[in-house]
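Chemist: Numbering (the numbering used here), first residue to last: 12 to 178.
For each residue, glycine too, the CB sits at the ideal point set by N, CA and C.
#1: Across the region 135-148 and the region 92-99, are there enough close Cβ pairs to call them in contact, namely three or more that are closer than 8 Å?
#2: Where DSSP assigns a beta bridge to residue 146, which residues make up the other side?
#3: Check whether the region 62-74 and the region 39-52 are in contact - that is, three or more C-beta pairs closer than 8 Å.
#4: Just curious, the alpha helix (DSSP H) that residue 120 is in, first and last residue?
#5: My understanding is that residue 130 touches residue 161, with C-beta atoms under 8 Å, so please give their C-beta distance in whole angstroms.
#6: Looking only at its own chain, which residues have a Cβ that is under 8 Å from the Cβ of residue 76, when we skip the five neighbours before and after it?
#7: If residue 164 and residue 85 are in contact, beta carbons under 8 Å, what's the gap, nearest whole angstrom?
#8: Output the distance between the C-alpha atoms of residue 126 and residue 148, rounded to the nearest integer angstrom.
#9: Taking just the CA atoms, how far does residue 145 sit from residue 114?
What follows is the structure, encoded as structure tokens:
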């Protein structure tokens, strides 16, 4: 179960501008990945002209898609959790478990943001062998950028949790 409540932020008119933009960018990256992969297949098997950089770009675009998609899932509060198990316990246990989940998300995303920034900084001047004019940092920024969005959404979720609980 996802725990997503229909009507809470669902539907295109109810999503925030930042989430719609995030979703649009991730969708465009998916389309670019599909297009590049198709072009690579045609170039390799039809024209016998393989391009080494296409596979590398495809991998890095997939990383961007993953982190932007994870941030969108945090925004919609649709990460997987097992609501059926919590239904066996009382409301107090379920509320406590929800808070613990949110705090674990907060710690995990903050750690990912920090380590992602370190890795991106380390590769700020690195170049690719297959694409010497493209700095690696563009692709390594996927982790801190996606994690920053996710952190914002997790913090917003904690604030909403506190308001709902009257804390």
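Modeler: Reading off the structure:
#1: no
#2: Taking the first residue of the chain shown as 1, we reach residue 146 at position 135. Beta-bridge pairing links residue 146 to 138.
#3: yes
#4: Within the chain shown, numbered from 1, the residue matching residue 120 stands at position 109. Note, residue 120: alpha helix (DSSP H), 102-133.
#5: By 1-based counting over the chain shown, the position of residue 130 is 119. By 1-based counting over the chain shown, the position of residue 161 is 150. About 16 Å; that fails the 8 Å criterion.
#6: If you number the chain shown from 1, residue 76 lands on position 65. Excluding sequence neighbours, residue 76 sits near 37, 40, 41 and 44.
#7: Residue mapping note: residue 164 aligns to position 153 of the chain shown, counting from 1. Residue mapping note: residue 85 aligns to position 74 of the chain shown, counting from 1. Right, their Cβ atoms sit about 4 Å apart.
#8: Walking along the chain shown from the start, residue 126 turns up at place 115. Walking along the chain shown from the start, residue 148 turns up at place 137. When rounded, the distance between both Cα atoms is 14 Å.
#9: For the purposes of this step, residue 114 is identified with residue 103 of the chain shown, where counting begins at 1. For the purposes of this step, residue 145 is identified with residue 134 of the chain shown, where counting begins at 1. Spanning the two alpha carbons is a distance of roughly 38 Å.
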